[in-house]
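Protein chains in written order, with the numbering used here: chain A, 5 to 340; chain B, 180 to 509.
Quick look at the structure:
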């Protein structure tokens, strides 16, 4: 019981409930199934990338290149789909394979050459994105194949709206849910997942993790390849949602995805964070954004609100950490 | 003296000179390559002048990033600080002062005051509330961005007095004004880091905050000053930026943010804190500028430049990593 009250997920859930109550009072449309399904669909892109960022953050690392990786994967996937054809499965395969391969480049730089993760990924971000734009000339792709278009419209669960329209649980959301289940399973129930936590818990020191019997190289390869794989999946999802491929539509969103993961309780220092928290972090961002629209607050207030929420939440976290630290000191003193 | 200390010192020496030597070599190589590729145009006065106009914005922002990295932190809010400071200056000039001179003076004051205040707020969060720097400045970045958008509604504020435009576009004896501002700022920061008690304490806090605390240094004051300094440097960058564009907007220079980290690290600043010198940063900025101007003359895609910047960074990190490993072995 105490654990439930102490966990950051609980606080986050309370904040989300409070926010939702306020929004629902002002505009009852917020609490409709239709709006809920819509949010689940449009934020699946962010949610999928957030799951990958979570894994990287838990390991004590940082990835700035995932948006560039997602863009490259999305663009190549779209080129293949329009020029050579294929189907939705091949599209996902191509994009996730490209993403994983680019992620492995990061892993090699971080593991083999011991370049700090932030730096390695800032460098590769510039390389991946720069080369993509140079080769493609930054052209947008407007006409995606019909099978791609129709797949995006599939609803797994269809309901009829009051005015004859249909809405429901989009197939895109199902992809997100699959990613959530997969990430959660890997982090909680596999050796590699526990190794990710172990690495984060030991800071940048590999020694203890190695002595505990973990394959540090394998874990590094997994972390960044998995981030890249999810970036690739997210790239396809973005293309499904928007139905055009613009090379500049994803890059620049790195920090807002990272912010969502941190709001969800993951620590920059590594070692902590959960998939459930990350989903709540994304939900908070989504609800704030959606709420502003529904409350008819001009959209230019959005950043002020999000920035304020981030600062308040990190301040609360810091104050809590300090209080905990003081308690430890007091206990040690009373023992002495 | 024990052998470990000696080994440590020689390792530090190879690290220091190794890095500057690597950078110097790359600089000479880049320069030669770009000159060979553009034999006629590269060394023309016009090209050198245009490089001197372009470098200072990124240069000042990189200085702002570097000082916080030396302290073991990071400042993700540099670009948004610069934009808000620029908007403040622009609003002052729009408000219609009696004389242009007063308007320019007030605008400069506004830019510096706003940026110092933001730096102070960052410093309070990081030093006194003990929020990790990356989180505090990430939140600050979003918040400042929001305030800038609210103030301008996303539009451009343009049209400044000639005196103000001179700061970003004027020439003093053939030397562009922005590079003079940058040289003055870089020299001031270099002196501050290398010759003052504050500079010494800054490196100490970045290397080992706990030991520094026990050595009787007030870490919190040092960090607070560092973030105010970082803010003021952003304010200077803002003045040059809006003067060059002759306008202020909420999202100018957004792509600079991660490039400043790239420039600082390329110049030998450590992301773990405690290391980093202005001389290394200046070398790395010149390398980046030579690459971008040279490629520009070749009519290469601007994104090729970005790709090459990234590749150079990887190369330097890999070479330094190998040098450090060999130095450690011998």
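Glycine included, C-beta positions come from ideal geometry on N, C-alpha and C. Quick caveat, the model's predicted, so the values are computed rather than measured.
query: From residue 225 of chain A to residue 278 of chain A, what does the alpha carbon distance come to, in whole angstroms?
result: The sequence position of residue 225 of chain A within the first chain is 221, counting from 1. The sequence position of residue 278 of chain A within the first chain is 274, counting from 1. Cα-Cα distance, rounded: 20 Å.
- prompt: DSSP on residue 230 of chain A, reduced to helix/strand/coil?
  reply: Taking the first residue of the first chain as 1, we reach residue 230 of chain A at position 226. Three-state result, residue 230 of chain A: helix.
message: Comparing C-alpha positions only, which one of B/249, B/326, B/253 sits nearest to residue 381 of chain B?
response: Here residue 381 of chain B refers to the residue found at position 202 of the second chain. Closest by alpha carbon: B/249.
- prompt: If you count every other CB in all the chains shown that lies within 10 Å of the CB of residue 333 of chain A, and 16 or more means buried, which is it?
  reply: Counted from its first residue, the first chain places residue 333 of chain A at position 329. So residue 333 of chain A ends up on the exposed side.
message: Counting beta carbon pairs with one atom in the stretch 148–165 of chain A and one in the stretch 288–295 of chain A, are three or more of them shorter than 8 Å?
response: Verdict: no, contact absent.
Identity of the residues DSSP links to residue 249 of chain A by a beta bridge: What you label residue 249 of chain A is simply residue 245 of the first chain in a count that begins at 1. Paired residues: A/145.
- prompt: At what residues does the beta strand (DSSP E) containing residue 174 of chain A begin and finish?
  reply: For this step, residue 174 of chain A is matched to residue 170 along the first chain. 170–174 is the span of the beta strand (DSSP E), which, as asked, contains residue 174 of chain A.
- prompt: Any residues in the stretch 316–334 of chain B with a beta carbon nearer than 8 Å to a beta carbon of chain A? Which ones, in chain order?
  reply: 317, 318, 319, 320, 321, 322, 323, 324, 325, 326, 328, 329, 332, 333
Residue environment, residue 239 of chain B, which counts as buried when at least 16 other CB atoms sit within 10 Å: Within the second chain, the letter at position 60 stands for residue 239 of chain B. Counting C-beta atoms within 10 angstroms of its own C-beta, residue 239 of chain B has 16 or more neighbours from the protein chains shown and is therefore classed as buried.
- prompt: Opposite residue 351 of chain B in the DSSP bridges: which residues?
  reply: The sequence position of residue 351 of chain B within the second chain is 172, counting from 1. Beta-bridge annotation (DSSP): residue 351 of chain B is paired with B/354.
query: In chain order, which continuous runs of the alpha helix (DSSP H) of length 4 or greater are located wholly inside the stretch 433–489 of chain B?
result: Here the runs fully enclosed are 435–445, 457–476.
- request: Could you give the DSSP three-state label for residue 387 of chain B: helix, strand or coil?
  value: Here residue 387 of chain B is taken as the residue at index 208 of the second chain, counted from 1. In the structure shown, residue 387 of chain B sits in coil (DSSP, three-state: anything other than H, G, I, E or B).
message: Under DSSP, the beta strand (DSSP E) around residue 162 of chain A begins and ends at which residues?
response: Residue numbering aside, residue 162 of chain A sits at position 158 when the first chain is read from its first letter. Run containing residue 162 of chain A: 159–164, per the beta strand (DSSP E) assignment.
field: Cβ neighbour criterion (16 or more within 10 Å) applied to residue 404 of chain B
entry: Taking the first residue of the second chain as 1, we reach residue 404 of chain B at position 225. Buried, because 16 or more other Cβ atoms sit within 10 Å of the Cβ of residue 404 of chain B.
query: What are the residues of the stretch 202–220 of chain B that lie near chain A, defined by any Cβ-Cβ distance shorter than 7 Å?
result: Flagged: no residues at all.
- request: Check the DSSP bridge columns for residue 336 of chain B and list the partner residues they point to.
  value: Here the question's residue 336 of chain B lines up with position 157 in the second chain. Paired residues: B/427.
message: Restricting to Cα atoms, I'd like to know which of B/499, B/483, B/377, B/465 is closest to residue 208 of chain B.
response: Here residue 208 of chain B refers to the residue found at position 29 of the second chain. Ranking B/499, B/483, B/377, B/465 by Cα distance to residue 208 of chain B puts B/465 first.
- prompt: Mind pulling the chain A residues with CB within less than 7 Å of residue 497 of chain B?
  reply: For the purposes of this step, residue 497 of chain B is taken as residue 318 along the second chain, with counting starting at 1. 117, listed in chain order.
- prompt: What residues from chain A crowd round residue 309 of chain B, counting only those whose CB sits closer than 8 Å?
  reply: As a first step, residue 309 of chain B must be located in the second chain, where it is residue number 130. Going along chain A in sequence order, the residues near residue 309 of chain B (Cβ under 8 Å) are 322, 325, 326.
message: DSSP three-state label for residue 275 of chain B, please.
response: In the second chain, residue 275 of chain B corresponds to position 96, counting from 1. Residue 275 of chain B: coil per DSSP, three-state reduction.
- request: With a 10 Å radius around its C-beta and 16 neighbouring C-beta atoms as the bar for buried, classify residue 428 of chain B as buried or exposed.
  value: Along the second chain, one-based indexing puts residue 428 of chain B at 249. Classification of residue 428 of chain B: buried, given that the 10 Å Cβ count is 16 or more.
- request: Measure the alpha-carbon distance for residue 305 of chain B versus residue 440 of chain B and round it to whole angstroms.
  value: Here residue 305 of chain B corresponds to residue number 126 of the second chain, with the count starting at 1. Here residue 440 of chain B corresponds to residue number 261 of the second chain, with the count starting at 1. Cα to Cα, the separation comes out at about 19 Å.
- prompt: Excluding the five sequence neighbours on either side, which residues of its own chain have a C-beta within less than 6 Å of the C-beta of residue 384 of chain B, listed in chain order?
  reply: Counted from its first residue, the second chain places residue 384 of chain B at position 205. Contacts found: 250, 391, 398, 401.
message: Among the candidates A/212, A/113, A/93, whose CA atom is the shortest distance from the CA of residue 66 of chain A?
response: Working through the first chain from its first residue, we reach residue 66 of chain A at position 62. Per the Cα distances, A/113.
field: Where the alpha helix (DSSP H) through residue 288 of chain A begins and ends
entry: As a working note, residue 288 of chain A is residue 284 in the first chain. DSSP places residue 288 of chain A in the uninterrupted alpha helix (DSSP H) bounded by 279–298.
task: Grab me the residues of residue 180 of chain B's own chain with a C-beta within less than 8 Å of its C-beta, minus the 5 sequence neighbours each way, in chain order.
output: Here residue 180 of chain B corresponds to residue number 1 of the second chain, with the count starting at 1. Residue placement at residue 180 of chain B cannot be trusted, given a pLDDT of 40 that sits under 50; what the coordinates show is reported in the next sentence. Closer than 8 Å at Cβ, skipping near neighbours: no residue.
task: For residue 230 of chain B, name the three-state secondary structure that DSSP assigns.
output: Position 51 of the second chain, counting from 1, holds the residue named residue 230 of chain B. Residue state, collapsed to three classes: helix.
field: Bounding residues of the alpha helix (DSSP H) (the contiguous stretch that carries residue 153 of chain A)
entry: Counting from 1 along the first chain, the entry for residue 153 of chain A is found at position 149. Element bounds for residue 153 of chain A: 150–156.
query: Given that residue 314 of chain A touches chain B, what residues does it touch there, using C-beta distances under 8 Å?
result: Along the first chain, read from residue 1 onward, the residue named residue 314 of chain A stands at position 310. Chain B residues near residue 314 of chain A: 314, 317, 318, 321, 322.
Through-space distance from residue 227 of chain A to residue 60 of chain A, alpha-carbon basis: Residue 60 of chain A sits at position 56 when you count from the first residue of the first chain. Residue 227 of chain A sits at position 223 when you count from the first residue of the first chain. Those two C-alpha atoms are separated by around 6 Å.
query: Could one say the Cβ of residue 113 of chain A lies closer than 8 Å to chain B's Cβ atoms, at least one of them?
result: Along the first chain, one-based indexing puts residue 113 of chain A at 109. Output row for residue 113 of chain A: interface = yes.
field: Proximal residues of chain B, C-beta to C-beta of residue 289 of chain A below 7 Å
entry: Along the first chain, one-based indexing puts residue 289 of chain A at 285. What residue 289 of chain A touches in chain B: nothing, since even the nearest Cβ is about 11 Å away.
query: Per the contact definition of three or more C-beta pairs closer than 8 Å, is the stretch 69–89 of chain A in contact with the stretch 233–243 of chain A?
result: yes
Identity of the residue in B/362, B/338, B/206, B/460 nearest residue 279 of chain B by Cα: Counting from one through the second chain, the residue named residue 279 of chain B turns up at place 100. When only C-alpha atoms are compared, the closest one is B/338.
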